[in-house]
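Enquirer:
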Amino acid sequence: MPRLSMPLFWRVCLINGAVFLLGTLVLALSPATVSARPLLSELVVLLLGLTVIVLVNGALLRTVLRPLDRLTAVTGQIDLRHPGLRLDEEESGPARPLVRGFNAMLERLEVERSTSTARALQAQEAERQRIAQELHDEVGQSLTAVLLGLRHLMDTAPERSRAELDELRGTTRTSLEEVRRISERLRPGDLTELGLVSALAGLARATSARNGPVVRRSLPSAVPELSSETELVIYRVAQEALTNVVRHARAGTVDLSLALSDAGLVLRVVDDGVGIPPGAMGAGIQGMLERAQMIGGELDVRSHGERGRRSGTEVRLSLPLPRRAEP
1 MPRLSMPLFW
11 RVCLINGAVF
21 LLGTLVLALS
31 PATVSARPLL
41 SELVVLLLGL
51 TVIVLVNGAL
61 LRTVLRPLDR
71 LTAVTGQIDL
81 RHPGLRLDEE
91 ESGPARPLVR
101 GFNAMLERLE
111 VERSTSTARA
121 LQAQEAERQR
131 IAQELHDEVG
141 QSLTAVLLGL
151 RHLMDTAPER
161 SRAELDELRG
171 TTRTSLEEVR
181 RISERLRPGD
191 LTELGLVSAL
201 AGLARATSAR
211 NGPVVRRSLP
221 SAVPELSSET
231 ELVIYRVAQE
241 ALTNVVRHAR
251 AGTVDLSLAL
261 SDAGLVLRVV
271 DDGVGIPPGA
281 MGAGIQGMLE
291 RAQMIGGELD
301 VRSHGERGRR
311 SGTEVRLSLP
321 LPRRAEP
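Heads up, the sequence shown is in the UniProt record's numbering, so the first residue is 1 and it goes up one at a time.
As structure tokens, this is what we get:
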């Protein structure tokens, strides 16, 4: 059976009416009287009675309107990138229906944002897969054909042209390697073929090989069985974190670790670079945060000191382990 709820306006009117009625009854039943020309003592009594009425009315209205003040304060703190903020319904008193509706609205907004973010990230991954496939099949094969043609020309070209052809062949080979590298970043083949641990190890080696900082890795020999979506999120967060280190941190070393505990799985990328300003939220960090929330994880990005000093930055992704079905 649905609960009847009185509108807030009528609650305020009812409180005021009850207070005024009570004050009227007290004056009517009390022996106090007021002369045609009020005496000072009578004015004091009236003033005290008015003060009591105002205080009682204010105390009763405070119980009704206090949740609205909390609601106003919480509204300014809402950030759908950090879900979970709610008002306490038990302490809302007469405004409980309003607070319950506000919390329900927040929950719907968070669910809708999470769903739309998941769809956007899935579409992004699908587009990356398509571009990677086209780079491999179209551009890669074309460059391979050019290399074969240049090799054939070098066998038949005069001696004076071979040096130029060899230089052109080296440029083409470098371009082919770059296309393959870009394709690998768009579609991590190691992740599907060799698993998460091997893919992270390969990512660390590739980062160090591209004139980047030295990446020291600490990875387990195996991890519990994870969904393909979860593995992809872990890989993408590590990839984005290492990319940010190479581009912005000016770091000498980076520690990449994946640790397993009773609480869950923790990915950490820690560098010894210049750090980031507090509260920084660029597109890369925002993307990592949305990916983490999509699989129920928590992302924490913090600097170990002041901006401009070699304080270092830590990116920490915490994921709960999937529960095993009891036999």
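Glycine included, every Cβ here is placed at the ideal spot set by N, Cα and C.
Among GLN122, ILE15, GLY282, which residue has its Cα nearest to the Cα of ARG62?
Expert: ILE15
Enquirer: Please state the DSSP three-state secondary structure of VAL315.
Expert: If DSSP states are grouped into helix, strand and coil, VAL315 belongs with the strands.
Enquirer: Looking at the structure shown, is LEU194 part of a helix, part of a strand, or coil, going by DSSP?
Expert: If DSSP states are grouped into helix, strand and coil, LEU194 belongs with coil.
Enquirer: Do GLY170 and GLU240 count as a contact pair if the criterion is CB distance below 7 Å?
Expert: For the pair GLU240 and GLY170, the CB atoms are not nearer than the 7 Å cut-off.
Enquirer: Nearest by alpha-carbon distance to GLY287: which of LEU226, ASP190, VAL237 is it?
Expert: VAL237
Enquirer: Please report the straight-line C-alpha distance between ARG268 and GLU138, rounded to a whole angstrom.
Expert: Taking the straight line from one Cα to the other gives about 37 Å.
Enquirer: At which residue ranges does the region 101-144 contain complete beta strand (DSSP E) runs of 3 or more residues, listed in the order of the chain?
Expert: none
Enquirer: Does the beta-carbon of ARG291 have 16 or more other beta-carbons within 10 angstroms, so that it is buried, or is it exposed?
Expert: buried
Enquirer: Determine the direct distance from the alpha carbon of LEU109 to that of GLY17, and round the result to whole angstroms.
Expert: 39 Å
Enquirer: ARG217: which of VAL26, ALA201, SER116 sits nearest, CA to CA?
Expert: ALA201
Enquirer: Which same chain residues, not among the five before or five after LEU168, have their C-beta less than 8 Å away from its C-beta?
Expert: LEU150
Enquirer: Between the C-alpha atoms of GLN129 and MET154, what's the straight-line distance to the nearest angstrom?
Expert: Cα to Cα, the separation comes out at about 36 Å.
Enquirer: For GLY296, collect the residues of the same chain with a Cβ closer than 7 Å to its Cβ; drop the 5 residues on either side in sequence, then sort them by chain order.
Expert: PRO320
Enquirer: Using three-state DSSP, classify ARG302 as helix, strand or coil.
Expert: In the displayed model, ARG302 falls within a strand according to three-state DSSP.
Enquirer: With 16 other CB atoms within 10 Å as the buried threshold, where does PHE102 fall?
Expert: buried
Enquirer: Can you tell which of VAL26, ALA104, LEU258 has its C-alpha closest to the C-alpha of LEU48?
Expert: VAL26
Enquirer: Give me the residue from ARG247, ASP69, GLU193 with the minimum Cα distance to LEU232.
Expert: GLU193
Enquirer: So if DSSP puts ALA283 in a beta bridge, which residue, or which two residues, is it bridged to?
Expert: Paired residue(s): none; ALA283 is not in a bridge.
Enquirer: Could I get the ranges of all uninterrupted beta strand (DSSP E) runs contained in the region 249-274, with 3 residues as the minimum, in chain order?
Expert: 253-260, 265-271
Enquirer: May I ask which residues mark the beginning and end of the beta strand (DSSP E) holding VAL179?
Expert: Segment 159-186 is the alpha helix (DSSP H) holding VAL179; no beta strand (DSSP E) there.
Enquirer: Which same chain residues end up closer than 7 Å to LEU165 when comparing Cβ atoms and leaving out the 5 residues on each side of it in sequence?
Expert: LEU150, LEU153, MET154, ALA157
Enquirer: Assuming contact is defined by CB atoms lying nearer than 7 Å, are LEU219 and VAL197 in contact in what I supplied?
Expert: Result yes, Cβ atoms of LEU219 and VAL197 sit closer than 7 Å.
Enquirer: Measure the alpha-carbon distance for SER208 versus THR75 and round it to whole angstroms.
Expert: 46 Å
Enquirer: When the Cα of PRO188 is compared with those of LEU203, ALA259, THR174, which residue comes out closest?
Expert: LEU203
Enquirer: Grab the span of the alpha helix (DSSP H) containing SER228 for me, first residue to last.
Expert: 228-244
Enquirer: Closest to LEU46 by C-alpha separation, out of GLY23, LEU299, SER161, VAL111, would be which residue?
Expert: GLY23
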